[in-house]
Amino acid sequence: MISPIGWIIIWIGVVFDILGAIGLVRFPDVYNRLQASTKCVTLGTFGIMVGIFLLKGFTPMGIKALICGVFLLFTSPVAAHALMKGSLHFGTKMWKGTVVDEYGKDKLGGEQIDKKEG
Amino acid sequence: MRYIIYFIIAFCLWLLLTLNVNLDHVIVGVIVALLGTVVFGGYFTKKPMKFLQLHRLFWIIIYIPVFIWYMFKANIDVAYRVLHPERPIKPGIVKIKTSLKSDIAKVFLANSITLTPGTMTCEIEGEYLYIHWIWVQSTEIEKASKIIASPFEKYLRRIFE
Chain A
946 MISPIGWIII WIGVVFDILG AIGLVRFPDV YNRLQASTKC VTLGTFGIMV GIFLLKGFTP
1006 MGIKALICGV FLLFTSPVAA HALMKGSLHF GTKMWKGTVV DEYGKDKLGG EQIDKKEG
Chain B
12 MRYIIYFIIA FCLWLLLTLN VNLDHVIVGV IVALLGTVVF GGYFTKKPMK FLQLHRLFWI
72 IIYIPVFIWY MFKANIDVAY RVLHPERPIK PGIVKIKTSL KSDIAKVFLA NSITLTPGTM
132 TCEIEGEYLY IHWIWVQSTE IEKASKIIAS PFEKYLRRIF E
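Here it is in structure tokens:
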């Protein structure tokens, strides 16, 4: 009974990983791409790890997979904050459809929004 | 005290990762856990015993399913925006205010916000958080805080403060 559930969770994870990759291509700027990749890839990979745990049970492989999954949940958002803050300070412009930029107003002396068409 | 608890946690994690109680594995584990304690023990939370209180553990157990449910919703939301032909996004960076005081609670709030629907933390400064929002619903601090932070704040306040 556990095995089919494990495979279903693994496949859900794979689908979310693929969606994250599509988002990485389709979204217009660094910040939106980070959103897509962080969320989808975190849950996708976490799902794969939980699926492996369900398939393998309390063996060395299963426990390692579970611990890796939990580490991923803690570290992936931190990596995303670092990349995001780095791009903001580097001066990467936001997409022209961006509506507001409080961070640029407060910290960087003006909104970092790309006004050009394109 | 907190160094000892950090050492115990690190050593248990090592044992879980190897699942092997041979003497050589245990010795390497002790050395690695000691190194980790010396380097990172200072960053560990000041009062680790606080997290053994039963009501905190209870709220942690309540918080995990809530968090996973929000994470799942976030993924459905991103999937919708990715697959929709017109790519319905209206991004922006807004500022929100949090009532949480301790550092670790703020870190967990920021991580939770990053993994939940359409929002991502850029920076924490004092009691303000800058959030990149993929579909801006309100630029006012009060309203945005209510939408973004309030689902998690009530749990995190009970866990960490």
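Line by line, the protein sequences are chains A and B.
Positions 946 to 1063 (the numbering used here) are the ones given, in order, by the first sequence.
Positions 12 to 172 (the numbering used here) are the ones given, in order, by the second sequence.
Glycine included, each C-beta is placed from N, C-alpha and C at the ideal position.
The structure displayed is predicted, hence computed values, not measured ones.
1. Tell me which residue opens and which closes the alpha helix (DSSP H) that residue 74 (chain B) is part of.
2. Would residue 971 (chain A) pass as an interface residue toward chain B - the criterion being a Cβ-Cβ separation below 7 angstroms?
3. Going by DSSP in three states, residue 140 (chain B) sits in which element: helix, strand or coil?
4. What residues in the stretch 1030-1045 of chain A have a beta carbon less than 8 angstroms from any beta carbon of chain B?
5. Counting Cβ pairs, one atom from each stretch, are 3 or more of them under 8 angstroms apart for the stretch 956-966 of chain A and the stretch 977-990 of chain A?
6. Flag residue 101 (chain B) as yes if its beta-carbon sits less than 7 angstroms from any beta-carbon of chain A, otherwise no.
7. How close, in whole Å, do the beta carbons of residue 1000 (chain A) and residue 951 (chain A) come, if the pair is a contact with beta carbons under 8 angstroms?
8. Can you tell me whether residue 50 (chain B) is buried or exposed, with buried defined as 16 or more other CB within 10 angstroms of its CB?
9. From the DSSP output, in three-state form, read off residue 134 (chain B) for me.
10. Is the separation between the beta-carbon of residue 172 (chain B) and that of residue 113 (chain B) shorter than 7 angstroms?
11. So residue 30 (chain B) packs on residue 1008 (chain A), CB below 8 angstroms; how close in whole Å?
12. Measuring straight from C-alpha to C-alpha, what distance separates residue 1046 (chain A) and residue 77 (chain B)?
13. What is the rounded straight-line gap between the Cα of residue 1030 (chain A) and the Cα of residue 62 (chain B)?
14. Taking the beta carbon of residue 136 (chain B) as the centre, do at least 16 other beta carbons fall within 10 Å, making it buried, or is it exposed?
15. How long is the line joining the alpha carbons of residue 129 (chain B) and residue 167 (chain B), rounded to whole angstroms?
16. By the 8 angstroms beta-carbon criterion, what residues does the stretch 72-90 of chain B contribute toward chain A?
17. Considering only the beta carbon of each residue, do residue 104 (chain B) and residue 1048 (chain A) sit closer than 7 angstroms?
18. Give a yes or no on whether the C-beta atoms belonging to residue 102 (chain B) and residue 977 (chain A) are separated by under 7 angstroms.
19. Please say whether residue 18 (chain B) and residue 48 (chain B) have beta carbons closer to each other than 7 angstroms?
20. According to the neighbour-count rule (16 or more other Cβ atoms, all chains shown, within 10 Å of its Cβ), is residue 1026 (chain A) buried or exposed?
21. Measure the Cβ-Cβ separation of residue 134 (chain B) and residue 109 (chain B) and say whether it is below 7 angstroms.
22. Would you list the residues sitting across from residue 16 (chain B) in a DSSP beta bridge?
23. In angstroms, rounded to a whole number, what distance separates the CA positions of residue 32 (chain B) and residue 26 (chain B)?
The short version:
1. 65-94
2. yes
3. strand
4. 1030, 1033, 1039, 1040, 1042, 1043, 1044 and 1045
5. yes
6. yes
7. 4 angstroms
8. exposed
9. strand
10. yes
11. 6 angstroms
12. 30 angstroms
13. 31 angstroms
14. exposed
15. 20 angstroms
16. 82, 83, 85, 86, 89 and 90
17. yes
18. yes
19. yes
20. buried
21. no
22. Answer is none; residue 16 (chain B) lacks a bridge partner.
23. 7 angstroms
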